[in-house]
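Take a look at the structure set out below.
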Amino acid sequence: MLGQLFGGPVRKLKRAFERAAKNAPEGPLLDFYHADLPDFDAPISQIDMAAIDLETDGLDAASHAVLEAGIADMDTCAIHASSARRIRFRPDAALNPGAVVVHRITDDAVAAAKPLEEALAGVLAACAGKVLVAHFAEIESAFLDAACKRVYGTGFVAPFICTMQLETRWFPRQFAQDGLRLSKLRGRYGLPPYRAHDGLTDAVACGELLLAQLTHVARKDPPLVEVIRR
Amino acid sequence: MTSDSVEIEEVRSFLEQVEPFASLPPDQLRQAARAIDIMYFRRDTFVTHAGDDNQYLSLIRSGSVELRLGGTELHARLGERDCFGYPSLIRRGPAQNEAIAFEDCLLYRLPAEMFHLLWEGHEQFRHFFDTDQASRLHRAVASMRREVAKNDGDESFGVHIPLKSIASRRELVFCTPELAIGDAARLMAERDVSVLPVMKGDDLVGILTDKDLRRRVLAVGLDGATPVEQVMTPDPITLAETETVLSALLAMTSHHIHHMPVVNAGGRICGIVSSSDVLAQLGSNTFHLAREVEGARAMGSLVDATAHLPRAVAGLVEAGVDAEPIARYVSSIGELAHRRILKLMEQELGPPPASYALVCFGSLARHELSLGSDQDNGFIFGDDFVRESHDEYFAELGRRLAEGLDQAGYKFCPGNIMASNPDYRRTASEWAERFRHWIDSPDPQAILESGIFFDMRAVAGEAHLVEQLRRETFEAASENRIFTSFVARAAAVTAVPLGFFRNFLLKEDAVEGKVLDLKAQAITPIVDLARTHAIVKALDATSTLERLAAAADAGSLDPEAARDLSACFEFVRDVRFRHQARQIRNGEKPSNKLDPGELSRFDREHLRDAFKLIRAQLDKLRSDYAGGLT
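Protein chains in written order, with this note's numbering: chain A, 8 to 237; chain B, 7 to 636.
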């Protein structure tokens, strides 16, 4: 039953993952693929996850750059602050002034950042073997895919949980225009307001939202396949 | 990736606003922030069950949590920025309280390991939990502290002084783990210590207490040649000498221990602090109340001083002080009040025209006064007393004394056993006559009522008058088998409850009662038991615990029964003091009666055991001493 319903997306993901693994050059990306995929039929409580949020200087993965990645390991019990990481990327060009206002990342901070290849290697190591949790995961998957293609010539394929998609799937209702924003959804679960647009804070905020969604959904401890982005 | 590891800003900034984290140095605060596990609990789900191996100090980031305090109906509601879960961490034992999400909550949870690191490394951090854990105690003692500060500007409040100042006074006697327990016991007896640190070289590896010897050696009949290390308590909890008396009090209370080794900065043992040291320290504030009573220049200031007694008692109860020392304390305040009032009245009336003693009966004589006890007293006159010319003075003195005591909280005796009553103003020989009458022609009703006269003590004046009367009376009584059998029988008629069924008290006739009278149904029977043994064996002891011990020594009471009854007596009085402390907190008048529904399961189970034990001993008393008359 599950196989019929969800087999499509999972099978597609597995195929793409295997193909990318075959094409990946020796190095951080290949190491990432060697960590392998989780068991999609396992209950979510047994899955290692990492909440991730990328700060970028625009929304188009093809033309904009990643500025910062915030990552924190989590499972269905807790988000572990001890694993919290912030990896700053050094952009090729000067910052797009418009984006600075939003992200409060200044040229000074960027000066302490790492070149793309080194930063990306850090992100890949942090994500290896984990299911990635993001709010509107299209951004994270697209930007990481573009960055990997740029550096390694092979794309980024990983299992994602998208908290925005989960909300519409598990608790379908009419949403206001901005009703799916992270801060709005958090309020609904009694989660405190966090100051947005710091990569790490947003990653944690998103991870907390997933914890809340998992306690509210009717089916307790669903298998990963039911939670994963489709 | 460690170079990228960083604290989550939201977590750090929240900790910065919340004690005890706010008082941590920035580096440690960051370290704490990095150790946090963030968890979410849906409304009505358990965060912690009682008995869980709790591994977190939990800080509420959003939502609210309800704490159900172990074994009670007490609930505490905690909100954002409150923390919970630390008693079990501090105790390093299972959780006793239940924590339930009252609303959806986000918790920032500090793992036990980091908690202990901060707890050990930062006084401020530790102090926060000290004071929070003891907040109720603090409310009680803070008022005393304010008074101390008000009166003599003395800030060195007893419980806040370092252990160094009280633990190092005595010489330290210790032994090696290989020493035979028989030798250890002798050493303890010789040096008059009740606890022996066990040292391997410079290292403290255990402690041996007299309690260990009783429980682990005598009770199981262990050979005296057994090495100490087999019966000692290994790796005892220690306290740094810089810790306060309050920390020692809390540690002892939470670990249920009575002795703690104190160590210096180098970790070397430098003394032992015992619960009685701690009590003495508490006492030095409670002595403040005593000082006020003693120094009162007029009834007004004395009444003001004794009005603080219930609060002081509630403070001691909440600090976990045992019933016996509390009762001693209440008694000594009572005794001081009697003496001071008598003095004040003598000053009003002029010097007494004849020698006399103020004798008190009952609980005050036994050093077992509790809150709300009424007065029982009389005058014993010396040979120079001439009724015709002197009694007018003593009648007035007795009247004023009774009135003064009543004002000070020692209510008029309903049975009129007061020096204001001419029947209780007698010369030594008249008193002796009165007692002889009871003894020689015993009347069951009179004996029921006269029990307290066998608890007598001089409170003021010519103590020898009381002492002589007491000795003669007990000698006469112990020799009269008919009288002792009446006393035993009178004691044995007390109806001790069978136990509990739900919120009801099961009585002998199977009628279920709603109210438990701790005094009449549990305390008085033990007092009567002990008194009966004291009369039968003409024991000098007057307080119940001393009488039980003396009765065992005299062979009148089985030593094990004496120990059990003593434990019972401590326990039921403890229940009463706790009950009274609760009443005081709620602004009610302390009483002996309580609704069985108020009792925790623990208390009920132990009370049931106590009832059983008391009934068995009363039955034994009847068969031993009331033979043929029942």
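Here a beta-carbon is modelled for each residue, glycine too, at the ideal position from N, C-alpha and C.
### Task
Pull out every residue of the segment 210-223 of chain A whose Cβ sits closer than 7 Å to any Cβ of chain B, in chain order.
Val211, Glu215, Leu218, Ala219, Thr222 and His223
### Query
Are the beta-carbon atoms belonging to His314(B) and Leu342(B) less than 7 Å from one another?
Here residue 314(B) corresponds to residue number 308 of the second sequence, with the count starting at 1. Here residue 342(B) corresponds to residue number 336 of the second sequence, with the count starting at 1. No. Outside cutoff.
### Task
May I have the straight-line CA-CA distance separating Gln130(B) from Leu30(B), to the nearest angstrom?
The residue you call residue 130(B) lines up with position 124 of the second sequence. The residue you call residue 30(B) lines up with position 24 of the second sequence. Looking at the two C-alpha atoms, the distance is approximately 8 Å.
### Query
Quick one: is Gly57(B) buried, meaning 16 or more other Cβ sit within 10 Å of its Cβ, or exposed?
Counting from 1 along the second sequence, the entry for residue 57(B) is found at position 51. Burial call: exposed.
### Query
Residues in its own chain within less than 6 Å of Glu184(B) by CB, not counting five upstream and five downstream?
Working through the second sequence from its first residue, we reach residue 184(B) at position 178. Excluding sequence neighbours, Glu184(B) sits near Pro233.
### Spatial neighbours of Leu61(A) in its chain, beta-carbon cut-off 6 Å, leaving aside the 5 residues before and after
Here residue 61(A) corresponds to residue number 54 of the first sequence, with the count starting at 1. Hits under 6 Å: Val73, Ala76, Glu147 and Phe150.
### Message
Residues in the same chain with beta-carbon distance under 6 Å from His585(B), minus the five sequence neighbours each way, listed in chain order, please.
### Response
Within the second sequence, numbered from 1, the residue matching residue 585(B) stands at position 579. These residues qualify, in order along the chain: Leu600.
### Query
Mind listing which residues of the segment 99-111 of chain B have their C-beta closer than 8 Å to chain A's C-betas, in chain order?
Glu109, Asp110 and Cys111
#### Entry: Cα-Cα separation, Glu402(B) to Ala190(B)
Taking the first residue of the second sequence as position 1, residue 402(B) is located at position 396. Taking the first residue of the second sequence as position 1, residue 190(B) is located at position 184. Those two C-alpha atoms are separated by around 59 Å.
### Message
My assumption, with CB atoms under 8 Å, is that Gly214(A) sits in contact with Ala88(A). Please give the rounded CB distance.
### Response
As a first step, residue 214(A) must be located in the first sequence, where it is residue number 207. As a first step, residue 88(A) must be located in the first sequence, where it is residue number 81. That belief does not hold up - the Cβ atoms of Gly214(A) and Ala88(A) are roughly 11 Å apart, past 8 Å.
### Query
Which residue spans inside the segment 205-231 of chain A form an unbroken alpha helix (DSSP H) run of at least 4?
206-223
### Message
I need the straight-line Cα distance from Asn157(B) to Val336(B), nearest angstrom please.
### Response
Counting from one through the second sequence, the residue named residue 157(B) turns up at place 151. Counting from one through the second sequence, the residue named residue 336(B) turns up at place 330. Legend: pLDDT at Asn157(B) = 36, less than 50; position of this residue unreliable, value from coordinates given subsequently. Those two C-alpha atoms are separated by around 22 Å.
### Environment of Gln381(B) [buried if 16+ CB atoms lie within 10 Å]
Here residue 381(B) refers to the residue found at position 375 when the second sequence is read from its first residue. Buried is the call here.
### Query
Measuring CB to CB, does Thr500(B) end up less than 7 Å from Pro531(B)?
Walking along the second sequence from the start, residue 500(B) turns up at place 494. Walking along the second sequence from the start, residue 531(B) turns up at place 525. Yes.
### Task
Find out if the Cβ-Cβ distance for the pair Ala496(B), Ile453(B) is shorter than 7 Å.
Taking the first residue of the second sequence as position 1, residue 496(B) is located at position 490. Taking the first residue of the second sequence as position 1, residue 453(B) is located at position 447. Taking 7 Å as the Cβ cut-off, Ala496(B) and Ile453(B) qualify as a contacting pair.
### Closest Cα partner of Pro503(B) within the set Ser64(B), Ala483(B) and Ala528(B)
Taking the first residue of the second sequence as position 1, residue 503(B) is located at position 497. Taking only the C-alpha atoms, the option nearest Pro503(B) is Ala528(B).
### Where the segment 87-98 of chain A meets chain B: residues whose CB sits under 9 Å from a CB there
His87, Ala88, Ser89, Ser90, Ala91, Arg92, Arg93, Ile94 and Arg95
### Query
Under three-state DSSP, which class holds Phe180(B)?
As a working note, residue 180(B) is residue 174 in the second sequence. Phe180(B): coil per DSSP, three-state reduction.
### C-beta neighbour in chain A for Glu15(B), strict 7 Å
In the second sequence, counting from the first residue as 1, residue 15(B) sits at position 9. True, the Cβ-Cβ gap to chain A drops below 7 Å.
### Task
Please confirm if Leu139(A) has its CB atom under 7 Å from at least one CB of chain B.
In the first sequence, counting from the first residue as 1, residue 139(A) sits at position 132. Taking Cβ atoms only, chain B never reaches closer than 7 Å to Leu139(A), which makes this a no.
### Message
My assumption, with CB atoms under 8 Å, is that Asp609(B) sits in contact with Val581(B). Please give the rounded CB distance.
### Response
The sequence position of residue 609(B) within the second sequence is 603, counting from 1. The sequence position of residue 581(B) within the second sequence is 575, counting from 1. Their Cβ separation, rounded to whole angstroms, is 6 Å, which keeps Asp609(B) and Val581(B) in contact under 8 Å.
### Message
If contact is defined by three or more beta carbon pairs under 8 Å, each pair taking one atom from either stretch, is the segment 397-411 of chain B in contact with the segment 433-449 of chain B?
### Response
no
### Task
For Gly77(A), write down the residues that DSSP places opposite it in a beta bridge.
Translated into the one-based positions of the first sequence, residue 77(A) becomes position 70. Bridge partners of Gly77(A): Asp60(A) and Arg93(A).
### Task
Go ahead and pull the three-state DSSP assignment for Pro450(B).
As a first step, residue 450(B) is located in the second sequence; it is residue number 444 there, counting from the start. Here Pro450(B) sits in helix by DSSP.
#### Entry: Environment of Arg628(B) [buried if 16+ CB atoms lie within 10 Å]
Taking the first residue of the second sequence as 1, we reach residue 628(B) at position 622. Label assigned to Arg628(B): buried.
#### Entry: Met424(B), DSSP secondary structure in three states
Here residue 424(B) corresponds to residue number 418 of the second sequence, with the count starting at 1. Looking at Met424(B) - three-state DSSP - the assignment turns out to be coil, as it is neither helix nor strand.
### Query
Would you say the beta carbon of Tyr631(B) comes nearer than 6 Å to a heavy atom of the ligand ATP?
With respect to the ligand ATP, the structure shown offers nothing to examine, as it has no ligands at all.
### Task
For Ile42(B), return the contacting residues in chain A, with the cut-off set at a CB-CB distance below 7 Å.
Counting from 1 along the second sequence, the entry for residue 42(B) is found at position 36. Here the neighbours are Ala88.
### Beta-carbon proximity of Leu238(A) to Ala49(A), cut-off 7 Å
As shown, chain A starts at 8 and ends at 237. That puts residue 238(A) outside it, with no answer to give.
#### Entry: Assigned secondary structure, Ala155(B) (DSSP; H/G/I helix, E/B strand, else coil)
In the second sequence, the residue the question calls residue 155(B) occupies position 149. Summary for Ala155(B): the model assigns pLDDT 36, below 50, so the residue's position carries little reliability; its value from the coordinates is reported in the next sentence. Looking at Ala155(B) - three-state DSSP - the assignment turns out to be helix.
### Message
Within 7 Å of any Cβ in chain A, is that where the Cβ of Ser606(B) sits?
### Response
To locate residue 606(B), count along the second sequence from 1; it is residue 600. No, because no Cβ of chain A sits closer than 7 Å to the Cβ of Ser606(B).
### Query
In three-state terms, what does DSSP make of Asp546(B)?
In the second sequence, counting from the first residue as 1, residue 546(B) sits at position 540. Asp546(B): coil per DSSP, three-state reduction.
### Counted within 10 angstroms of its Cβ, other Cβ atoms place Lys349(B) as buried (16 or more) or exposed
On the second sequence, residue 349(B) is found 343 positions in, with the first residue counted as 1. Lys349(B) should be labelled exposed.
### Message
So that I know if they touch, is there some Cβ in chain A lying closer than 7 Å to that of Val12(B)?
### Response
For the purposes of this step, residue 12(B) is taken as the residue at position 6 of the second sequence. Chain A, which has a Cβ nearer than 7 Å to the Cβ of Val12(B), makes this yes.
### Task
Please work out which residues of its chain come closer than 8 Å, Cβ to Cβ, to Ala555(B), disregarding the five sequence neighbours upstream and downstream, and give them in chain order.
If you number the second sequence from 1, residue 555(B) lands on position 549. Taken in chain order, the residues that qualify are Ala547, Ala568 and Ser572.
### Message
Looking only at its chain, what residues have a beta carbon closer than 7 Å to the beta carbon of Trp177(A), apart from the 5 residues adjacent to it on each side?
### Response
Within the first sequence, residue 177(A) is the residue found at index 170, counting from 1. If we look at Trp177(A) and ignore the five residues flanking it on each side, its Cβ neighbours are Gln220 and Val224.
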